[in-house]
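Just below is one structure, and these are the notes that go with it.
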Amino acid sequence: MEKYTVSGSIVTHNNMRTIKDTLDSLLEYTKGVDFKLFVIDNLSTDGTPEFIRENYPQIELIEPGTNNGFGAGHNVVLDRIDSKYHAIINPDIVIDSDVVQIMSEKMDADESVGMISPKILFPDGRLQVLGKRMPKLKYLIASRMRSGDEPSKLLAEYAMLDKDPDSEYRVEIATGCFIFIRTEIFKKIGGFDDGYFLYFEDYDLSCAVNKISKVIYYPKAIIYHVWGRESKKNFKLKLVQIKSMIRFYLKWMIGKK
2 MEKYTVSGSI VTHNNMRTIK DTLDSLLEYT KGVDFKLFVI DNLSTDGTPE FIRENYPQIE
62 LIEPGTNNGF GAGHNVVLDR IDSKYHAIIN PDIVIDSDVV QIMSEKMDAD ESVGMISPKI
122 LFPDGRLQVL GKRMPKLKYL IASRMRSGDE PSKLLAEYAM LDKDPDSEYR VEIATGCFIF
182 IRTEIFKKIG GFDDGYFLYF EDYDLSCAVN KISKVIYYPK AIIYHVWGRE SKKNFKLKLV
242 QIKSMIRFYL KWMIGKK
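Per our numbering, the sequence shown starts with residue 2, numbered consecutively.
Structure representation (structure tokens):
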């Protein structure tokens, strides 16, 4: 097992549309970091693994031969990483600055922080309105019913928009499109709960980390997320989302105030 300061993992499934920009930006802006990137491909049929294998020999491509979901895919690296910090990265993320170094330095300076959620923007620079509080049913209904660009009062509350977006603060939930976590903690909690195929596994991870450390929003690190919101377009994915939501509520919210 090779030792790196920062490791990163991306789980792919038919992501040819976005993966090149993601990989190119990560490799460009981690040149000053001792960084190792893994890509776990969950049975892509669009040529994603072949493209990575042919064009990115510095990336370790893992093909489990199954598709057990997002969290289970990331868990494949648990026994392969011996890093200080680990980045969990979506295949539709782009960075344009040394955010991995920035988050590493924050973690070095504050040992009380176990996980970081960066500032997440759309590619055009608009702030993404993403949940940072526990996902009460009223928040999820408001999210599903959203139609315009401006968030409702409930969505603003869910996303903690009452806070200064340029200030650091603690959060209950970190969005899974980009999470920066201490590897020791990631391993201690056993990675993701792989009972979630997709959706809410990031909420679950956030709750597990918050029990033993601090999860913070850290706006000095900025990433860009395409954010397709596929569950609003695909009925099967909507059912998967509902199943994951029920699992999360039964595990973390039933009987808790």
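Think of the CB as a built atom: it goes at the ideal place given N, C-alpha and C, for glycine as much as any other residue. Note that the structure is predicted; figures quoted are calculated from it, not measured.
In the displayed model, His75 falls within a helix according to three-state DSSP. By the neighbour-count criterion, in which 16 or more other beta carbons inside 10 Å mark a residue as buried, Ser207 falls on the buried side.
Non-local beta-carbon contacts of Gly70 in its own chain, meaning distances under 7 angstroms to residues more than five positions away in sequence, involve Asp195, Tyr197, Phe198, Leu199 in chain order.
Between Pro119 and Ile217 a beta carbon distance of about 10 angstroms is seen, past the 8 angstroms cut, so the two are scored as non-contacting. In this structure, the beta-carbon distance from Lys133 to Ala160 falls below 8 angstroms. Between the alpha carbons of Ser153 and Glu112 lies a gap of roughly 36 angstroms. Only buried fits Ala73, as 16 or more other CB atoms lie within 10 angstroms of its CB.
DSSP places Glu173 in the coil class of the three-state scheme, outside both helix and strand. In the displayed model, Glu61 falls within a strand according to three-state DSSP. By DSSP's assignment, Tyr218 forms a beta bridge with Ser118, Tyr170. Closest by C-alpha distance to Trp228, out of Val130, Gly191, Val210, is Val130. Only buried fits Lys37, as 16 or more other CB atoms lie within 10 angstroms of its CB.
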